[in-house]
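The listed protein sequences derive, respectively, from chains A and B. To convert, note that position 68 of the first sequence is 68 in this note's numbering; the numbers rise steadily by one, no gaps. Positions in the second sequence are counted from 1; adding 508 to them yields this note's numbering. Here a beta-carbon is modelled for each residue, glycine too, at the ideal position from N, C-alpha and C. All of these numbers come straight from a predicted model, not from anything done at the bench. I have placed the structure first, in the form of structure tokens, so that the comments after it can refer back to it.
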Amino acid sequence: MTSSLDSVTIGAFFIVLLLTAASGLLISKWQSRGKGGLEEWGLGGRQFGTLVTWFLVGGDFYTAYTIIAVPALVFATGAAGFFALPYTIIVYPFVFATMPRLWAVSRAHNLVTPADFVRLRYGSHWLASAVALTGILALMPYVALQFTGIEAVLSQMGITGDTEIMKMTPVVLAFVGVAGFTFAAGLRAPALIAFAKDVMIYVVVIAAVVALPHHFGGYRNIFTLASNHFAAQHSGSVVLQPSGFSAYATLALGSALAAFMYPHTVTSVLASSSAKVIRRNAVLLPAYTFLLGLVALLGIVGVAANLHLHSSKDVIPALFRLAFPRWFLGFAFAAITVAALVPAAIMSIAAANLFTRNLYVEYLNRDATPGRQGSVAKFASLGVNACALLFVLIVPMQYAINLQLLGGVLVLQTLPAIVFGLWKRLFHHQALLAGWAASLLLSGFLLAELKLQTSSYPITIGGHIFSVYVGIIALVTNLAITCVVSWILDVLKVARLVDGTVSADYIA
Amino acid sequence: MSKEVSSNETKDERHQIREAAPARSLRAWHYCVLSLPFFGLLLPSFYARWSPEIFGFPFFYAYQFLWIFVSAALTALVYRSITK
């Protein structure tokens, strides 16, 4: 696909980015009334109301990578890529049932990370460290991936550069910006920029879904055209084929269960001012799902338009070029860029919180004051951003995508330790550790078998072959091992460690 | 809120906690209602069809888009029931 430097587009792109950055700088003066230290920097003082939380979780969960990758998958495979829609629908009833309890117990004991909760509930620093390390590992490639969005945008604008260094300069600048904002203002910085990001993304997506179908004679025509193209290329389909049912359902379920096991989504939940804020948001956040559904449909539009792309990741920028006037194209590309920076900042904060609470305080400095923890976390976030930058510069993007796939599978394996403990201490911590370790080995093995090219593994049941999401296979194994080991420990009358919570802690 | 608040917290914060607490937890039927979207969406054999078309959308897409609203409404129902 030919790209050309266009001064109107690039001008609009940089003006919008500069305005966003300037407003972010101004508003980051927005100070808290409450306590300082880590809860202030890493959780915004737990003061975010319904609206801020809506923007924050929206900014966190629907990332630039989502906006690029979901339509790319639909463009490549058709209906099979649409699992992102059921995934982001069923995730909210799950959030409604689980997250208010996690918020309540965290508020009652000043907990900052999911691993903090596991530590308090099960009394085991080994289990807490396992949860924390899994979270950090899963986050690193995710931070790096946000920059695929920026890369896709820059290459569409023709900013490619002759050398690798010139090409990477804008990415490096974006990283420096994120690191600086995060260091100075903590979670408040992305919370505020998320307002701008979400409004811009809404404007862009609505403009795209209004302008594009018109371009191709309406949705009925688009679906028919796309169906013909899929049939001609002998891959993909507009309606899901029976062979794809099991992968579709297990990917939706596994992704939904994993979504709020990621430390960064938990961070934005724990920053709420009350459990009521979380419940309200579980009702209101599906508005973003509607938006995501529209974005996913753009993949079908891309097929109907018969776009010939170097990579399916270019489908959104390419469609925007078709549909938008040049100045608005610059605005749209700036929106995608900001949509990468917001989650990258929240992810680095979440990883820094985990490092500080569950590694630094646990193993290096037991008596660290909240103020000390706050400054450790600030520098840890710089470290996280530096690592992610190195990752982006050194590791080819395809590996980042594969590692993110692995990260999603791994983070799902922390579910038994985090979620079941919110109701009852059914399991021994040794059993949870055993299940976690076994499921990690199994997922590594299965994904290696698949050469990290796909995340669905074919299993045979009663002569039929079902493709099942590796995360779900590993989770079932994880739970089975946890149950059996826990039962054995009960039979052997092995004592449990002290539970630091009481049942009233979970109600709010 | 029966849980005792630790003494190093300010009066203001204690007030905030009490205000934020409807103090009712979910009952069995709440969990049943919250699980309905899982049944509605995780069995694609029920909805992976082209017809009937709705506003030009194959049923596969229209059905799943519809569930965004159904799921939000069900969650709102449970929210209503516990925050009365």
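Spatial neighbours of residue i within its chain, please: CB distance less than 8 Å, with the 5 preceding and 5 following residues excluded, ordered by chain position.
i, result
"residue 202/A", "291"
"residue 518/B", "Residue placement at residue 518/B cannot be trusted, given a pLDDT of 47 that sits under 50; the coordinates are not used to answer."
"residue 538/B", "586, 589 and 590"
"residue 238/A", "78, 79, 223, 226, 227, 230 and 300"
Residue i: buried (16+ other C-beta within 10 angstroms of its C-beta) or exposed?
i, result
"residue 459/A", "exposed"
"residue 186/A", "buried"
"residue 369/A", "exposed"
"residue 40/A", "buried"
"residue 484/A", "exposed"
"residue 365/A", "exposed"
"residue 588/B", "exposed"
"residue 169/A", "exposed"
"residue 565/B", "buried"
"residue 464/A", "exposed"
"residue 591/B", "exposed"
"residue 461/A", "exposed"
"residue 549/B", "buried"
"residue 439/A", "buried"
"residue 141/A", "buried"
"residue 342/A", "buried"
"residue 408/A", "buried"
"residue 441/A", "exposed"
"residue 190/A", "buried"
"residue 218/A", "exposed"
"residue 146/A", "buried"
"residue 264/A", "buried"
"residue 481/A", "buried"
Leaving out the 5 sequence neighbours to the left and right, which residues in its chain are closer than 6 Å to residue i when beta-carbon positions are compared?
i, result
"residue 334/A", "13, 16 and 17"
"residue 389/A", "175"
"residue 282/A", "92, 95 and 96"
"residue 252/A", "83, 86 and 87"
"residue 414/A", "131, 134 and 261"
"residue 526/A", "Chain A is shown only over 1 to 508; residue 526/A falls outside these bounds and no answer can be derived."
"residue 111/A", "117"
Closer than 9 Å by beta-carbon distance: list the chain A residues that pair up with residue i, in chain order.
i, result
"residue 537/B", "By Cβ distance, chain A contributes nothing, its closest Cβ being about 13 Å from residue 537/B, past 9 Å."
"residue 545/B", "86, 89, 90, 92 and 93"
For residue i, go through chain B and note every residue whose CB falls closer than 8 Å to its CB, in chain order.
i, result
"residue 202/A", "Simply none; closest approach about 16 Å."
"residue 289/A", "576"
"residue 206/A", "The premise fails here: residue 206/A is roughly 15 Å from chain B at the closest Cβ pair, so nothing lies under 8 Å."
Show which residues of chain A have a CB atom less than 8 Å away from the CB atom of residue i.
i, result
"residue 587/B", "96, 279, 280, 282 and 283"
Sorted by chain position, which residues of the same chain lie with C-beta nearer than 7 Å to residue i's C-beta, five sequence neighbours on each side aside?
i, result
"residue 557/B", "567 and 568"
"residue 450/A", "457"
"residue 374/A", "36, 37, 38, 40 and 41"
"residue 99/A", "260, 269 and 278"
"residue 306/A", "229"
"residue 65/A", "145, 146, 148 and 149"
"residue 280/A", "50"
Since residue i and residue j are thought to touch, with beta carbons under 8 Å apart, how far apart are those beta carbons, to the nearest angstrom?
i, j, result
"residue 411/A", "residue 258/A", "5 Å"
"residue 236/A", "residue 71/A", "Actually they do not touch by this definition, with Cβ atoms about 13 Å apart."
"residue 420/A", "residue 486/A", "Actually they are not in contact, since the Cβ atoms of residue 420/A and residue 486/A sit about 10 Å apart, beyond 8 Å."
"residue 54/A", "residue 508/A", "Their Cβ separation, rounded to whole angstroms, is 19 Å, which puts residue 54/A and residue 508/A out of contact at 8 Å."
"residue 289/A", "residue 576/B", "5 Å"
"residue 255/A", "residue 87/A", "4 Å"
"residue 352/A", "residue 301/A", "With a Cβ gap of about 40 Å, residue 352/A and residue 301/A do not count as contacting."
"residue 323/A", "residue 204/A", "No, residue 323/A and residue 204/A are not in contact; Cβ-Cβ is about 10 Å, not under 8 Å."
"residue 89/A", "residue 579/B", "5 Å"
"residue 123/A", "residue 498/A", "5 Å"
"residue 101/A", "residue 432/A", "So it is not a contact: roughly 18 Å between Cβ atoms."
"residue 285/A", "residue 57/A", "6 Å"
"residue 105/A", "residue 356/A", "That pair is no contact at about 19 Å."
Note down, in chain order, every chain B residue with its Cβ under 9 Å from the Cβ of residue i.
i, result
"residue 218/A", "564"
"residue 48/A", "Here the premise fails: no neighbours, minimum Cβ distance about 13 Å."
"residue 293/A", "569, 572, 573 and 576"
"residue 223/A", "558, 561, 564, 565, 566 and 569"
Give the interface partners of residue i over in chain A, defined as CB-CB distance under 7 Å, in chain order.
i, result
"residue 584/B", "283"
"residue 552/B", "240, 245, 248 and 249"
"residue 580/B", "283 and 286"
What does residue i reach in chain B if we use C-beta pairs closer than 7 Å?
i, result
"residue 473/A", "Neighbours of residue 473/A on chain B: none; closest Cβ ~16 Å, over 7 Å."
"residue 253/A", "550"
"residue 79/A", "568"
* To do: Ignoring anything shorter than 4 residues or poking outside the region 174–221 of chain A, list the alpha helix (DSSP H) runs there in chain order.
  => 188–215
* What are the complete alpha helix (DSSP H) segments, minimum 4 residues, inside the region 316–363 of chain A? -> 326–354
* Asked: Curious, which full-length alpha helix (DSSP H) runs of at least 4 residues does the region 421–458 of chain A contain?
  -> 429–449
* **alpha helix (DSSP H) runs wholly inside the region 229–312 of chain A, at least 4 long, in chain order** => 245–259, 263–270, 275–284 and 286–304
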